[in-house]
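In full-length UniProt numbering, the protein residues as written are 1 to 227. Ideal Cβ positions, reconstructed from N, Cα and C, are used throughout, including at glycine. Notes for the one structure printed next.
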């Protein structure tokens, strides 16, 4: 699924960038990670497209740390402390982090203490962003003593979530991103243990050049979304 999503987003981004360079359209380019695009942005964009049919929104999707630093991106959706070099930012929302798993995995592995959680097969997203909370950091915050963890590592949040849906372990879910999967029942909370995410989600834009009217409209619309 993730491979098809990545290829699809790359084709869309490539086509949109070609159209934008050709001129003649009120294009705005927005960049974010695949998980943010797939689970948070895309389900909401139809409302913007309906109310702003004169604005073409181009999408650049990248899970690489510097993949969103391209100068042709007008707006970026980022997770962090709100400070990026040469960028202005406005907070979208704060978030929570909780362990999630497939219903079958949760049934087979009941968790009553954080020590129970630490013994499970843990699916970890690493190598994308140093601000990302790992299992070691999460377990430390919920009071689990240091111990050897059984971790499988992924450099894609979408792939890690897919592995959890397939019953291969439990993954840390950012509540805003896993909300659709919890709603459908593909994933369930594994325990009541959760933490406030140490960082927040922001929309950012270059401090070196003014935003176009169309980009300001999209930015302001994003800031009205309440999660």
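Environment of residue i [buried if 16+ CB atoms lie within 10 Å]
i, result
"residue 95", "buried"
"residue 47", "exposed"
"residue 185", "exposed"
"residue 61", "buried"
"residue 137", "exposed"
"residue 169", "buried"
"residue 33", "buried"
"residue 73", "buried"
"residue 63", "buried"
"residue 30", "buried"
"residue 49", "exposed"
"residue 153", "exposed"
Residue i - DSSP class collapsed to helix/strand/coil
i, result
"residue 188", "strand"
"residue 102", "coil"
"residue 67", "coil"
"residue 193", "coil"
"residue 182", "helix"
"residue 133", "coil"
"residue 163", "helix"
"residue 228", "An answer regarding residue 228 cannot be provided, because it is not within the stretch 1 to 227 covered by the chain."
"residue 107", "helix"
Spatial neighbours of residue i in its chain, beta-carbon cut-off 8 Å, leaving aside the 5 residues before and after
i, result
"residue 92", "77, 200, 201, 202, 203, 222, 223, 225 and 227"
"residue 188", "100, 101, 102, 103, 106 and 182"
Same chain, Cβ closer than 6 Å to residue i, five either side skipped, listed in chain order
i, result
"residue 107", "none"
"residue 83", "none"
"residue 120", "109 and 170"
Residues that residue i bridges to, as DSSP identifies them
i, result
"residue 124", "153"
"residue 115", "For residue 115, which the question treats as bridged, DSSP gives no partner whatsoever."
"residue 87", "206"
"residue 200", "80"
Beta-carbon separation (whole angstroms), residue i vs residue j, contact threshold 8 Å
i, j, result
"residue 52", "residue 37", "Their Cβ separation, rounded to whole angstroms, is 18 Å, which puts residue 52 and residue 37 out of contact at 8 Å."
"residue 172", "residue 99", "6 Å"
"residue 123", "residue 160", "5 Å"
"residue 89", "residue 167", "About 38 Å separates the two Cβ atoms, so there is no contact after all."
Cutoff 7 Å; reference residue i; Cβ partners in own chain excluding five residues on either side
i, result
"residue 214", "26, 28 and 55"
"residue 79", "129, 131, 199 and 201"
"residue 194", "96, 97 and 98"
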